[in-house]
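*Asks:* Sequence order for the protein chains is Z and U. If you read the first sequence in our numbering, its first letter stands for residue 208, the second for the next number, and so on. If you read the second sequence in our numbering, its first letter stands for residue 208, the second for the next number, and so on. The beta carbon of each residue, even a glycine, is placed where N, CA and C say it ideally should be.
Number of protein chains: 2
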Amino acid sequence: MTTSLVPESVYLSRISRAQEEMARTSVDALILSLGQDMPYLTGYLAMPLERLTMLVLPKNGKASLIIPQLEAPRVQQMPNVFTLVPWGETEDPVRIAHTLLGNAQSIAVGDQMWSRFLVDLLQHRPESHYVRSVVVMEALRSRKDIAEIEALVAAGAAADRVAAQLQGGLIPLVGRTEAEVSADISARLIAEGHQKVNFAIVAAGENAASPHHHPGDRVIRHGDIVLCDFGGTMNGYCSDITRCVHLGEPPADIAQAYSVLLEAQAAGVNAGHVGTTCENVDAVTRAIIDKAGYGEYFVHRTGHGIGMEEHEDPYMVSGNTTLIAPGHAYSVEPGIYVPGKWGMRLEDIVVATADGPVAVNNANHQLVVLEQ
Amino acid sequence: MTTSLVPESVYLSRISRAQEEMARTSVDALILSLGQDMPYLTGYLAMPLERLTMLVLPKNGKASLIIPQLEAPRVQQMPNVFTLVPWGETEDPVRIAHTLLGNAQSIAVGDQMWSRFLVDLLQHRPESHYVRSVVVMEALRSRKDIAEIEALVAAGAAADRVAAQLQGGLIPLVGRTEAEVSADISARLIAEGHQKVNFAIVAAGENAASPHHHPGDRVIRHGDIVLCDFGGTMNGYCSDITRCVHLGEPPADIAQAYSVLLEAQAAGVNAGHVGTTCENVDAVTRAIIDKAGYGEYFVHRTGHGIGMEEHEDPYMVSGNTTLIAPGHAYSVEPGIYVPGKWGMRLEDIVVATADGPVAVNNANHQLVVLEQ
Numbered sequence: 208m209t210t211s212l213v214p215e216s217v218y219l220s221r222i223s224r225a226q227e228e229m230a231r232t233s234v235d236a237l238i239l240s241l242g243q244d245m246p247y248l249t250g251y252l253a254m255p256l257e258r259l260t261m262l263v264l265p266k267n268g269k270a271s272l273i274i275p276q277l278e279a280p281r282v283q284q285m286p287n288v289f290t291l292v293p294w295g296e297t298e299d300p301v302r303i304a305h306t307l308l309g310n311a312q313s314i315a316v317g318d319q320m321w322s323r324f325l326v327d328l329l330q331h332r333p334e335s336h337y338v339r340s341v342v343v344m345e346a347l348r349s350r351k352d353i354a355e356i357e358a359l360v361a362a363g364a365a366a367d368r369v370a371a372q373l374q375g376g377l378i379p380l381v382g383r384t385e386a387e388v389s390a391d392i393s394a395r396l397i398a399e400g401h402q403k404v405n406f407a408i409v410a411a412g413e414n415a416a417s418p419h420h421h422p423g424d425r426v427i428r429h430g431d432i433v434l435c436d437f438g439g440t441m442n443g444y445c446s447d448i449t450r451c452v453h454l455g456e457p458p459a460d461i462a463q464a465y466s467v468l469l470e471a472q473a474a475g476v477n478a479g480h481v482g483t484t485c486e487n488v489d490a491v492t493r494a495i496i497d498k499a500g501y502g503e504y505f506v507h508r509t510g511h512g513i514g515m516e517e518h519e520d521p522y523m524v525s526g527n528t529t530l531i532a533p534g535h536a537y538s539v540e541p542g543i544y545v546p547g548k549w550g551m552r553l554e555d556i557v558v559a560t561a562d563g564p565v566a567v568n569n570a571n572h573q574l575v576v577l578e579q
Numbered sequence: 208m209t210t211s212l213v214p215e216s217v218y219l220s221r222i223s224r225a226q227e228e229m230a231r232t233s234v235d236a237l238i239l240s241l242g243q244d245m246p247y248l249t250g251y252l253a254m255p256l257e258r259l260t261m262l263v264l265p266k267n268g269k270a271s272l273i274i275p276q277l278e279a280p281r282v283q284q285m286p287n288v289f290t291l292v293p294w295g296e297t298e299d300p301v302r303i304a305h306t307l308l309g310n311a312q313s314i315a316v317g318d319q320m321w322s323r324f325l326v327d328l329l330q331h332r333p334e335s336h337y338v339r340s341v342v343v344m345e346a347l348r349s350r351k352d353i354a355e356i357e358a359l360v361a362a363g364a365a366a367d368r369v370a371a372q373l374q375g376g377l378i379p380l381v382g383r384t385e386a387e388v389s390a391d392i393s394a395r396l397i398a399e400g401h402q403k404v405n406f407a408i409v410a411a412g413e414n415a416a417s418p419h420h421h422p423g424d425r426v427i428r429h430g431d432i433v434l435c436d437f438g439g440t441m442n443g444y445c446s447d448i449t450r451c452v453h454l455g456e457p458p459a460d461i462a463q464a465y466s467v468l469l470e471a472q473a474a475g476v477n478a479g480h481v482g483t484t485c486e487n488v489d490a491v492t493r494a495i496i497d498k499a500g501y502g503e504y505f506v507h508r509t510g511h512g513i514g515m516e517e518h519e520d521p522y523m524v525s526g527n528t529t530l531i532a533p534g535h536a537y538s539v540e541p542g543i544y545v546p547g548k549w550g551m552r553l554e555d556i557v558v559a560t561a562d563g564p565v566a567v568n569n570a571n572h573q574l575v576v577l578e579q
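(1) Just to make sure I have the definition right: I need the residues of chain U whose C-beta is within less than 9 Å of the C-beta of S417 (chain Z). Which are they?
(2) What is the C-beta distance between D431 (chain Z) and A411 (chain Z), in whole angstroms, given that I count them as a contact (C-beta under 8 Å)?
(3) Classify Q283 (chain U) as buried or exposed, calling it buried when 16 or more other Cβ atoms lie within 10 Å of its own Cβ.
(4) Give the secondary structure of E517 (chain Z) by DSSP, where H, G and I count as helix, E and B as strand, and everything else as coil.
(5) Work out the CA separation of T260 (chain U) and A169 (chain U) for me, nearest whole Å.
(6) Run through chain Z and tell me which residues come within less than 7 Å of E257 (chain U), C-beta to C-beta.
(7) Could you tell me which of Z:I273, Z:N442, Z:I314 sits nearest to V360 (chain Z), measuring between CA atoms?
(8) What does V524 (chain Z) touch in chain A if you count any residue whose Cβ is under 9 Å from its own?
(9) Taking 7 Å as the cut-off, decide whether the C-beta atoms of G455 (chain U) and N405 (chain U) are in contact.
(10) Which residue wins for smallest C-alpha separation from R450 (chain Z), given the options Z:Q372, Z:D352, Z:D244?
(11) According to DSSP, what are the bridge partners of P564 (chain U)?
(12) Report the partner residues of C485 (chain U) according to the DSSP bridge assignment.
(13) Would you give the residue range spanned by the alpha helix (DSSP H) that L308 (chain Z) belongs to?
(14) Which residue wins for smallest C-alpha separation from Q472 (chain U), given the options U:T484, U:M523, U:R428?
(15) I'd like to check one pair, A315 (chain Z) with V342 (chain Z): are the Cβ atoms closer than 7 Å?
(16) Would you identify the three-state DSSP class for V433 (chain U), choosing helix, strand or coil?
(17) Suppose the cutoff is 7 Å on Cβ atoms and the five residues either side in sequence are ignored; what does the same chain contact list for N487 (chain U) look like?
(18) Determine contact between the stretch 533-544 of chain U and the stretch 511-523 of chain U, defined as no fewer than three beta-carbon pairs at a distance below 8 Å.
(19) Taking R552 (chain Z) as part of the beta strand (DSSP E), name the residues at either end of that continuous run.
(20) What are the start and end residues of each continuous beta strand (DSSP E) run of 3 or more residues lying completely inside the stretch 271-352 of chain Z, in chain order?
(21) For a test of the three-state rule: what should DSSP assign to G439 (chain Z), helix, strand or coil?
(22) For a contact meaning CB atoms closer than 7 Å, what does L553 (chain Z) contact in chain U?
(23) Can you find a CB in chain Z that lies within less than 7 Å of the CB of M320 (chain U)?
(24) What's the C-alpha gap between N527 (chain U) and G309 (chain U)?
(25) Taking 7 Å as the CB-CB limit, is V404 (chain Z) close to chain U?
(26) So what does DSSP say about T249 (chain U), is it helix, strand or coil?
(27) So what does DSSP say about T384 (chain Z), is it helix, strand or coil?
(28) Taking the C-alpha atoms as reference points, what is the distance between S389 (chain U) and Q374 (chain U)?
(29) What are the residues in the stretch 336-363 of chain Z lying within 7 Å of chain U by C-beta distance?
(30) With a CB to CB cut of under 6 Å and the five nearest residues on each side skipped, what residues in its chain are close to V575 (chain Z)?
(31) Report the residue from Z:K351, Z:L434, Z:D447 whose alpha carbon sits nearest the alpha carbon of L396 (chain Z).
(32) Which residue wins for smallest C-alpha separation from Q312 (chain Z), given the options Z:S233, Z:E554, Z:Q226, Z:V481?
(33) My output table needs one value for V576 (chain U): the three-state DSSP class, helix, strand or coil.
(34) Less than 7 Å between the C-beta atoms of V582 (chain U) and Q579 (chain U), yes or no?
(35) Against chain Z, with Cβ distances strictly below 7 Å, would V292 (chain U) count as a contact?
(36) How far does the beta strand (DSSP E) with S538 (chain U) in it reach, from first residue to last?
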C-alpha cells in the first residue's frame, strides 16, 4: 500500500467539487480508471492491467471503487471518500459497474480508461450518453492549488539541475550514443529527486528534426546540435524541460534560427496573462517564427498543460479559446525542425498567477556551446 | 525511428490472417491504437499520449496508419503494409478515422485504446456496433510462431538467471528495503538482456500476502519469506517469473504450505496438454490447494497468456473453455496468501506443444533457504 501525501479532507473537497461540476454540466455519473483523475479524487492509481479498477461517482451520493480482490490490499482505505467494492476472479466487473450506474443517462468516461471496458459497458447500456471526463475534471485539475504549484516548482527545479549539468559539460556527449545519454539523463533525474522518469529524448543532428525522436544508436559527434527533452514525476507532479546544446560553434543557419526560437519562446512565456486565450499563447510564438521565415518548420502546438500528468488540459493550440486563469500550469515549447538537417526546441513550464506568468524553469535559455 | 526485427512479409501475412478472421467473425473494420495489436500487425508502437495514433484496417483493402504529423518520422514506413496518414495539430484525427471507416457497421476496437477516442467516435457513429479487438486478434496472437517462442524462451532464460542470483544469495536481502531489492532485481533484468523492466514485485513477510504488493520501505529481516515476481521485455517478448526465498529455516506452517504450492504448480504445468481447456489448468492447481485446506487463501486465477504483453489471452481461469493449442504461451502461478501473516506464489511460463507442455523457466522451484 502506498500512503497518500494528501489529507483526506482534500479528497472530500475535490469529490464535492466534481459533483458540482457534474450538476453544472448535466452529467449523471463519472467513471474513471487509468490516468490521474482517479488518484486526484481518491489517492489510488489503478494498475494498467486487464482486471478492471473503476471509480463510479454518481452526481449525488458516495463514490464506489471497484477493484480486483487481489489488489484490494494496495488501497489506502478512506471510507468517507469511497466505498471499496472488491470483485473476485470469476465475476464480471463491468456488470458491477452497470449496476452501480443505476439509471444514469449521461456518463462521463475517464479519458485513459481502456476501451475494452467501455465496449463491454456499451453492451449493457447502449442507450446511455457518453461524454469525456474532461467535461467534469478539467475545471478541477487544470487550476492547481498552492500545494500542487509547490510540487511543480520543486520538480522543475530538479529538472533544471539536470539541465545545468548538461549545459555545464558534466554529461559526456561526443562518442556516446543518444540512448546512452538518455540513460544518463534518466539516472540524473532520479538522483535529483524524481521517483520516476517519464521520458528522456536525446536527438542529435538530423535526428533532432523528429520532435518525438526515440533515442537510438546514433553516435553523437562534434558539430552536432543535441536536443534534450526530459521529465519525470516527483511527489506526484511532473517536470518537463527542453534545452539544446551545440558541440562546437554552431553554423550561421543554426545560430540565426536559435535566436528566433529564443525570442519566440520568451514571448510565449510572457503572453500567459490571466484572461488571454490559450490559442493566443500559441499565436504569439508562431507569429515570430512565421515572420522570420521558419513557419513551415514549426510543426506542433506551442504547449500542453502539466500537473499529475505530463500532458493534460489546457493545451496551447490554435482553436483552444480557454482563458488562462490563475493556477494554470503549462509548457511553452516552440520548435524549428528542418527535415534531414537539424532541429531545435526550447521549453519551460509556466504557472499563471494573478500577477502574471511565472516560469518554473530557470536553466540557461541560450544555445550553450560545448567543446568536447 | 526504431527498425523492426520482423520482416515485412510477416506483417503482410498477419494482416491477411486478421482480415480472414474479420470475415469469419463478421467484423467490417478493426481500429487499433495503444497496446501490442498494432505493433504485431505493423511493427509500430503508438505513444501513450493525447494525440491519436490509430491503425484502421478494413475487412477488404489496405490498412491506414493515422499518426500525429510530428511523430511520423518515428515510423518505419512499409507502403505495402499500411498507408501513412499524418494529421496536423489543428485537425481532428477522430474525424479522419470516421471517414476511413466509411460504411463499416461492425467495428472491432483495440482493447487498450484510450476511451476518449472511442467516446469521440461514438458521437460520429452512434449506430455502429462495437466489439473488442480480441474477437479478431486472439486467434492470431495467442498462437505463437517459432520465432516468437524462441524470443519467449530467451527472455525466460534471462529471468531464470536473475532468479538463480536471488536463490544463490547474490542479491542482498536482510537490512534492505523491498524497494531497494526491487531496484536491484530491475538492474539485473537489464544486465541479463532485457531492454525494459515491466515490474519487480518484492514483498516481505506479511506484505507477501498482497499478490500485487507495491515494494516499499519495509525492511527485510531474518525470518521473513520474500516473494519476488519480476519480468521485462526482451526483443519484443516478455518474461515473468515468481520465486520465494526464506531467510532462515521456515516455520512448519510455511514449509507445509509451500510443499502444497509446489505440488499444485507442477500439476498445473503438466496439465497443459493440447485439447484440454484453460479452465482445467486452473482447476488442477486449485483442487490440490483446496484439498490441502488452503482454498480460501488462493484468491486469483492460475495464469495468464504472455507474449508481446505480460498479460494477454488466453487466461487460465474458471469459465474459460478455450482449448489449449500448440503455440499457446501462458503462466502457471498458483499462490497461497494468509492476510497479515505471509504469502507465497510459484510461477513459470509454459509453452504448449504437440508433445505436451514445456516450461520456459527452469530456476529451482524449491523454497530456497538463505542465511544472511
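*Replies:* Let's see:
(1) Counting from 1 along the first sequence, the entry for residue 417 (chain Z) is found at position 210. Simply M208, L277, E278, A279, P280, R281.
(2) The count along the first sequence starts at 1 and reaches residue 431 (chain Z) at position 224. The count along the first sequence starts at 1 and reaches residue 411 (chain Z) at position 204. Indeed they touch by this definition, with Cβ atoms about 5 Å apart.
(3) Position 76 of the second sequence holds residue 283 (chain U). So Q283 (chain U) ends up on the exposed side.
(4) Residue mapping note: residue 517 (chain Z) aligns to position 310 of the first sequence, counting from 1. Coil.
(5) Outside the displayed span of chain U (208 to 579) sits residue 169 (chain U), for which this structure offers no information.
(6) Taking the second sequence and counting its residues from 1, one reaches residue 257 (chain U) at position 50. Neighbours of E257 (chain U) on chain Z, chain order: H518.
(7) Here residue 360 (chain Z) refers to the residue found at position 153 of the first sequence. Considering only Z:I273, Z:N442, Z:I314, the residue with the shortest C-alpha distance to V360 (chain Z) is Z:N442.
(8) The displayed structure is made up of protein chains Z and U, and chain A is not among them.
(9) In the second sequence, the residue the question calls residue 455 (chain U) occupies position 248. In the second sequence, the residue the question calls residue 405 (chain U) occupies position 198. Not a contact, by the Cβ cut-off of 7 Å.
(10) Residue mapping note: residue 450 (chain Z) aligns to position 243 of the first sequence, counting from 1. For R450 (chain Z), the closest C-alpha among the options Z:Q372, Z:D352, Z:D244 is that of Z:Q372.
(11) Numbered from its first residue, the second sequence carries residue 564 (chain U) at position 357. For P564 (chain U), which the question treats as bridged, DSSP gives the partners U:A559.
(12) What you label residue 485 (chain U) is simply residue 278 of the second sequence in a count that begins at 1. According to DSSP, which records beta bridges pairwise, C485 (chain U) is partnered with nothing at all.
(13) Position 101 of the first sequence holds residue 308 (chain Z). Start and end: 300-308.
(14) Your numbering for residue 472 (chain U) matches position 265 in the second sequence. If we check each option's Cα against that of Q472 (chain U), U:M523 comes out closest.
(15) Locating residue 342 (chain Z) in the first sequence gives position 135, where the first residue counts as 1. Locating residue 315 (chain Z) in the first sequence gives position 108, where the first residue counts as 1. In this structure, A315 (chain Z) lies closer than 7 Å to V342 (chain Z) by Cβ.
(16) As a first step, residue 433 (chain U) is located in the second sequence; it is residue number 226 there, counting from the start. In the structure shown, V433 (chain U) sits in a strand (DSSP, three-state: E or B).
(17) In the second sequence, residue 487 (chain U) corresponds to position 280, counting from 1. Same-chain partners within the cutoff: A478.
(18) yes
(19) Within the first sequence, numbered from 1, the residue matching residue 552 (chain Z) stands at position 345. From DSSP, the beta strand (DSSP E) with R552 (chain Z) extends over 549-552.
(20) 289-294, 313-316, 336-339
(21) Along the first sequence, read from residue 1 onward, the residue named residue 439 (chain Z) stands at position 232. Strand.
(22) As a working mapping, residue 553 (chain Z) is identified with position 346 in the first sequence. Ordered by position in chain U, no residue passes the 7 Å Cβ test against L553 (chain Z), which lies about 16 Å from the chain.
(23) For the purposes of this step, residue 320 (chain U) is identified with residue 113 of the second sequence, where counting begins at 1. It does; some Cβ of chain Z falls within 7 Å.
(24) For the purposes of this step, residue 527 (chain U) is taken as the residue at position 320 of the second sequence. For the purposes of this step, residue 309 (chain U) is taken as the residue at position 102 of the second sequence. The C-alpha of G309 (chain U) is placed about 35 Å away from the C-alpha of N527 (chain U).
(25) The residue given as residue 404 (chain Z) occupies position 197 in the first sequence. Cβ-Cβ to chain U under 7 Å: no for V404 (chain Z).
(26) For this step, residue 249 (chain U) is matched to residue 42 along the second sequence. In the structure shown, T249 (chain U) sits in a helix (DSSP, three-state: H, G or I).
(27) If you number the first sequence from 1, residue 384 (chain Z) lands on position 177. T384 (chain Z): strand per DSSP, three-state reduction.
(28) On the second sequence, position 182 is the one that residue 389 (chain U) refers to. On the second sequence, position 167 is the one that residue 374 (chain U) refers to. Distance between the alpha carbons of S389 (chain U) and Q374 (chain U) is about 15 Å.
(29) Y337, V338, R339
(30) Your numbering for residue 575 (chain Z) matches position 368 in the first sequence. Correct list, in chain order: Q374, V452.
(31) As a first step, residue 396 (chain Z) is located in the first sequence; it is residue number 189 there, counting from the start. With distances taken between Cα atoms, L396 (chain Z) lies closest to Z:D447.
(32) Locating residue 312 (chain Z) in the first sequence gives position 105, counting from the first residue. With distances taken between Cα atoms, Q312 (chain Z) lies closest to Z:S233.
(33) Counting from 1 along the second sequence, the entry for residue 576 (chain U) is found at position 369. In the structure shown, the three-state DSSP call for V576 (chain U) is strand.
(34) Here chain U comprises residues numbered 208 to 579, so residue 582 (chain U) is not present and cannot be evaluated.
(35) Translated into the one-based positions of the second sequence, residue 292 (chain U) becomes position 85. Not an interface residue.
(36) Taking the second sequence and counting its residues from 1, the one referred to as residue 538 (chain U) is at position 331. Its beta strand (DSSP E) spans residues 536-539.
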